[in-house]
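Only one structure is covered here, and it is reproduced in the block below.
Numbering (my numbering), first residue to last: 1 to 125.
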């Protein structure tokens, strides 16, 4: 278990990584090697790459996010990033995003209308 100081540092590191990923995902329209390598570089902090994210089963991805100490909000942000990556049809992470949202909704013990809406939208895609 991490002490409070280390948890805060870890949380700040995770938040910075997620912010950078969000910025990278919303900018590129044409995915080239440079774009994907920048995303891979950020995913490394979670023990992932785009290729590994494609291959990893949903359950293992959720376990990996927990091991990386992502809280519920950070897991939701990660799922949002996966949805954004899927928008251009280059990648299909919608199933993984749906699994993460459903996991958060079920395990966090707090009902979220926002996550519930995201689940409903993904089920209709």
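Even glycine gets a Cβ: it sits at the ideal position worked out from N, Cα and C.
Can residue i and residue j be called in contact, C-beta distance under 8 Å?
{"i": "residue 49", "j": "residue 35", "result": "no"}
{"i": "residue 99", "j": "residue 58", "result": "yes"}
{"i": "residue 62", "j": "residue 21", "result": "no"}
{"i": "residue 70", "j": "residue 78", "result": "yes"}
Using the Cα positions of residue i and residue j, report the straight-line distance between them to the nearest angstrom.
{"i": "residue 116", "j": "residue 109", "result": "13 Å"}
{"i": "residue 94", "j": "residue 68", "result": "21 Å"}
{"i": "residue 104", "j": "residue 92", "result": "20 Å"}
{"i": "residue 42", "j": "residue 123", "result": "28 Å"}
{"i": "residue 111", "j": "residue 13", "result": "27 Å"}
{"i": "residue 46", "j": "residue 17", "result": "9 Å"}
{"i": "residue 19", "j": "residue 125", "result": "26 Å"}
{"i": "residue 66", "j": "residue 32", "result": "30 Å"}
{"i": "residue 60", "j": "residue 101", "result": "14 Å"}
{"i": "residue 38", "j": "residue 44", "result": "10 Å"}
For residue i, does the three-state DSSP call read helix, strand or coil?
{"i": "residue 47", "result": "coil"}
{"i": "residue 90", "result": "coil"}
{"i": "residue 84", "result": "helix"}
{"i": "residue 110", "result": "coil"}
Among the options, which residue has its Cα nearest to the Cα of residue i?
{"i": "residue 83", "options": "25, 107, 55, 11", "result": "25"}
{"i": "residue 10", "options": "74, 54, 55, 38", "result": "74"}
{"i": "residue 72", "options": "106, 90, 96, 53", "result": "106"}
{"i": "residue 90", "options": "113, 54, 97, 76", "result": "54"}
{"i": "residue 114", "options": "87, 96, 76, 64", "result": "76"}
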